[in-house]
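As structure tokens, the structure follows; a few thoughts come after it.
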């Protein structure tokens with residue numbers, strides 16, 4: 006293995022993760038280096054499998070040895086998609102996932118991208134990288150579609166934490182604000198708490214307390230409570246909730262999208278005329294339903310850690326995995342972890 | 006006022022509730038008595054407003070006096086849609102909502118239907134009717150669409166309770182099972198708990214405990230955890246969650262449906278051909294999006310009380326309010342509260 010130590014931006018990839026592993030991750034890596042000349046990728050996984058996959062893409066075993074943008078880090082283990090996090094933590098220390106995280110921890114890579122087992126990735130990343138000073142819990146954040154075409158909305162936590170105390174929700178608000186500002190160039194992002202009503206009297210005590218904490222930090226543009234029906238209405242740039250609620254909301258979106266897709270297929274095949282029409286409208290609808298499964302084409306970021314970790318969907322295709330690599334690159338360039346740290350420290354002095 | 010005390014089934018209507026009050030509720034009431042000859046309705050609200058609305062529908066003030074299916078119960082107050090429940094409880098004792106509930110409590114009506122303020126209705130119903138013996142909390146339950154055309158799925162709680170302990174979730178499972186069996190004729194309904202994963206290790210301790218309680222009651226067909234993405238997959242007949250999660254999931258459905266509707270409008274108007282084609286497919290899509298807002302056309306029931314209360318959506322039209330009246334009638338005929346009581350007692354002896 007040759008680790009490229011130039012000024013290039015280096016990202017470690019868990020090549021073996023995801024439903025299809027190297028079949029997806031290797032083409033995405035090649036796409037990434039072709040499109041991003043300053044990017045260096047460390048491919049973590051079984052070296053013979055990786056070399057085979059690379060040679061199928063026209064990169065020989067010989068050329069990889071001195072490749073300016075690619076290097077292989079051999080690992081002997083793989084974290085499977087249904088493995089329990091605790092087991093993966095204990096028994097998979099030489100896995101592609103673990104080693105990709107170790108490389109970030111050791112400063113040999115500036116970020117890590119994996120399409121592997123979410124629970125295991127979260128536990129390992131938390132253990133290996135640790136949280137930023139003052140951050141109680143890291144969170145899983147992703148962007149969802151918006152009614153307005155050029156916009157989208159960040160939502161966290163999407164399932165990393167079952168329940169979150171008020172101060173944790175407050176920190177999620179701060180972290181989401183930094184990500185939206187840095188990655189999406191949104192000035193003064195609008196932060197909202199997901200609740201069962203918009204009125205201040207609604208919801209649990211810890212949500213009301215989180216609202217109070219967010220409104221007291223003057224560096225945060227906290228706009229109040231938002232309901233599930235307004236997630237996509239472009240009322241907020243960042244929506245904060247605990248991981249249980251976020252996971253249910255995200256998966257419910259997926260369920261509704263699937264339901265509408267299923268029912269609209271029936272509409273498109275109801276008679277001969279509709280079948281003919283469907284040829285004309287189907288591509289547009291297909292694109293629409295694709296955007297309704299946001300976590301399948303966007304990477305989700307684990308934020309609040311002392312390092313950048315982007316999670317691609319388990320059944321991501323090469324384009325989606327490439328998008329996750331770009332997301333990681335952007336977070337490195339914008340120094341997201343450092344800025345979260347500063348913002349949280351500012352919040353502490355403001356309160 | 007003449008209260009009909011024959012063998013007829015009597016339902017009290019909160020005529021003043023909902024965004025449009027008598028404009029919607031009176032035509033629905035007339036539709037109901039025309040279609041249901043054994044139904045007697047007590048119209049609770051301002052008698053002059055009701056008489057005016059009735060006369061506009063061709064029922065004179067004279068004929069109402071001896072009407073076999075309609076009677077008016079004059080009330081001087083209205084609970085407004087944005088009123089706080091505590092205020093409505095204290096200050097609106099002569100409201101149409103409160104009196105409709107009182108009539109159920111006094112045995113003068115067997116059920117009550119309202120399209121009014123949900124929070125106020127829930128608090129008043131809980132206070133006036135009280136919970137069934139052993140029931141800790143009443144819940145709001147409604148049916149959602151399913152992938153399979155002739156099916157749907159019941160979900161509770163949809164927002165009556167912010168947080169629910171394990172035993173409350175267990176009771177919701179029992180109550181939902183009874184409703185699905187009695188109202189929808191589903192034999193041995195499949196009960197699932199909404200969770201952030203299907204694996205037994207997922208979720209909070211109180212959800213795992215509720216799973217244990219449900220699996221120990223042999224009269225309940227508990228099938229395990231279900232994710233948001235499978236709400237509409239016809240995997241379960243009843244989905245149980247706390248009111249916060251249920252409310253977010255339901256409202257997220259509404260949000261996704263609105264988003265898809267908005268985006269598909271853009272598809273249908275993207276060019277001249279699509280605009281012409283849209284005439285042919287639009288009615289089918291319109292129907293589809295309507296079913297995606299379940300609480301707008303179905304009534305939601307407050308179950309676990311010593312009486313039947315059906316909540317119609319605030320902006321329900323006459324057809325939707327009529328559907329809520331039918332739902333109430335069905336619950337009376339099937340003796341839902343009595344059967345919940347028996348089922349909970351059986352559960353206690355089984356455990």
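Protein chains in written order, with the numbering used here: chain L, 6 to 356; chain A, 6 to 356. Think of the CB as a built atom: it goes at the ideal place given N, C-alpha and C, for glycine as much as any other residue.
Just to make sure I have the definition right: I need the residues of chain A whose C-beta is within less than 7 angstroms of the C-beta of residue 140 of chain L. Which are they?
None at all; the shortest Cβ gap to chain A is about 21 angstroms.
Quick one: Cα of residue 305 of chain L to Cα of residue 90 of chain L, how far?
Those two C-alpha atoms are separated by around 18 angstroms.
Tell me the DSSP secondary structure of residue 158 of chain L in three-state form.
In this structure, residue 158 of chain L counts as strand in the three-state DSSP scheme.
To the nearest angstrom, how far is the alpha carbon of residue 149 of chain L from that of residue 158 of chain L?
Cα to Cα, the separation comes out at about 5 angstroms.
Using 8 angstroms as the threshold, is the region 112-119 of chain A in touch with the region 304-322 of chain A, meaning 3 or more CB pairs across them?
As far as the Cβ criterion goes, the region 112-119 of chain A touches the region 304-322 of chain A, which means the pair count is three or higher.
On a Cα-Cα basis, can you pick out the residue from A:253, A:287, A:97 and A:173 that is closest to residue 140 of chain A?
Cα-wise, what sits closest to residue 140 of chain A is A:173.
So, residue 241 of chain A versus residue 225 of chain A, is the Cβ gap smaller than 8 angstroms?
Contact flag unset, no.
Quick one: using the 10 Å Cβ neighbour count with 16 as the cut-off for buried, is residue 6 of chain L buried or exposed?
Residue confidence is low: residue 6 of chain L scores 41 on pLDDT, short of 50, so the model does not pin down where it sits. Its coordinate-derived value is still stated next. With fewer than 16 Cβ atoms within 10 Å of its Cβ, residue 6 of chain L is classed as exposed.
Might you give, ordered along the chain, the residues of its own chain that have their beta carbon closer than 6 angstroms to the beta carbon of residue 180 of chain L, omitting 5 neighbours on each side?
For residue 180 of chain L, where only same-chain residues beyond five positions count, the Cβ hits under 6 angstroms are 308, 309 and 345.
Taking the alpha helix (DSSP H) that residue 103 of chain L falls in, what are its first and last residues?
Looking at the DSSP string, the run of the alpha helix (DSSP H) that includes residue 103 of chain L is 101-110.
What's the gap between the Cα of residue 114 of chain L and the Cα of residue 108 of chain L?
Roughly 5 angstroms separates the two Cα atoms.
Quick test of your reading: residue 33 of chain L and residue 244 of chain L, contact by CB under 8 angstroms. State the CB separation rounded to the nearest angstrom.
29 angstroms between Cβ atoms; not a contact.
Can you find a CB in chain L that lies within less than 8 angstroms of the CB of residue 252 of chain A?
Output row for residue 252 of chain A: interface = yes.
Do residue 188 of chain L and residue 292 of chain L have their beta-carbon atoms positioned less than 8 angstroms apart in this structure?
Going by C-beta atoms, residue 292 of chain L is not nearer than 8 angstroms to residue 188 of chain L.
Can you name the start and end residues of the beta strand (DSSP E) that residue 19 of chain A belongs to?
Run containing residue 19 of chain A: 14-19, per the beta strand (DSSP E) assignment.
Can you tell me whether DSSP reads residue 194 of chain A as helix, strand or coil?
If DSSP states are grouped into helix, strand and coil, residue 194 of chain A belongs with coil.
Residue 272 of chain A versus chain L: which residues are under 8 angstroms apart at the beta carbon?
Under the 8 angstroms cutoff, chain L gives 286, 289, 290 and 293.
Are the beta-carbon atoms belonging to residue 31 of chain L and residue 23 of chain L less than 8 angstroms from one another?
No, Cβ-Cβ distance for residue 31 of chain L and residue 23 of chain L is not below 8 angstroms.
So, does the region 63-72 of chain L touch the region 84-103 of chain L, judging by three or more C-beta pairs under 8 angstroms?
At 8 angstroms Cβ cutoff, the stretches do not touch.
Please classify residue 162 of chain A: is it buried, with 16 or more other beta-carbons within 10 angstroms of its beta-carbon, or exposed?
Answer is buried; the Cβ neighbour count reaches 16.
Just the C-alpha distance for residue 106 of chain L and residue 327 of chain L, rounded to the nearest angstrom, thanks.
Residue 106 of chain L and residue 327 of chain L: Cα-Cα distance of roughly 18 angstroms.
Does residue 55 of chain L come within less than 8 angstroms of chain A when only Cβ atoms are used?
No, no contact with chain A.
Counting contacts by CB-CB distance shorter than 8 angstroms, is residue 208 of chain A in contact with chain L?
Yes, contact with chain L.
According to DSSP, what are the bridge partners of residue 227 of chain L?
L:196, per the DSSP bridge assignment.
So for residue 33 of chain L, helix, strand or coil by DSSP?
Residue state, collapsed to three classes: helix.
Indicate whether the contact test is met: 3 or more Cβ pairs, each with one atom in the region 206-218 of chain A and one in the region 254-265 of chain A, closer than 8 angstroms.
The region 206-218 of chain A is not in contact with the region 254-265 of chain A.
Taking just the CA atoms, how far does residue 236 of chain A sit from residue 260 of chain L?
If you take the alpha carbons of residue 260 of chain L and residue 236 of chain A, they lie about 7 angstroms apart.
At least one CB of chain L closer than 8 angstroms to the CB of residue 8 of chain A: is that the case?
Low local confidence applies: a pLDDT of 44 at residue 8 of chain A is under 50, so the model's placement there is unreliable, and no value is given.
Output yes if chain L places a C-beta closer than 8 angstroms to the C-beta of residue 85 of chain A; else output no.
No, no contact with chain L.
So what's residue 305 of chain A in DSSP terms, helix, strand or just coil?
If DSSP states are grouped into helix, strand and coil, residue 305 of chain A belongs with the strands.
Would you please verify whether the beta carbon of residue 158 of chain L is less than 8 angstroms from any beta carbon of chain A?
It does not; no Cβ of chain A falls within 8 angstroms.
Excluding the five sequence neighbours on either side, which residues of its own chain have a C-beta within less than 6 angstroms of the C-beta of residue 45 of chain L, listed in chain order?
Correct list, in chain order: 9, 13, 15 and 74.
Does the distance from the CB of residue 272 of chain A to the CB of residue 290 of chain L come in under 8 angstroms?
Yes, Cβ-Cβ distance for residue 272 of chain A and residue 290 of chain L is below 8 angstroms.
Mapping DSSP to helix, strand and coil, what is residue 27 of chain A?
The answer is helix: DSSP assigns residue 27 of chain A an H, G or I state.
With H, G and I counted as helix, E and B as strand and the rest as coil, what does DSSP make of residue 4 of chain L?
Since the first residue shown for chain L is 6 and the last is 356, residue 4 of chain L is missing from the structure and cannot be characterised.
Beta-carbon of residue 307 of chain A versus every beta-carbon of chain B: anything under 8 angstroms?
No chain B appears in the structure shown, which is made up of the protein chains L and A.
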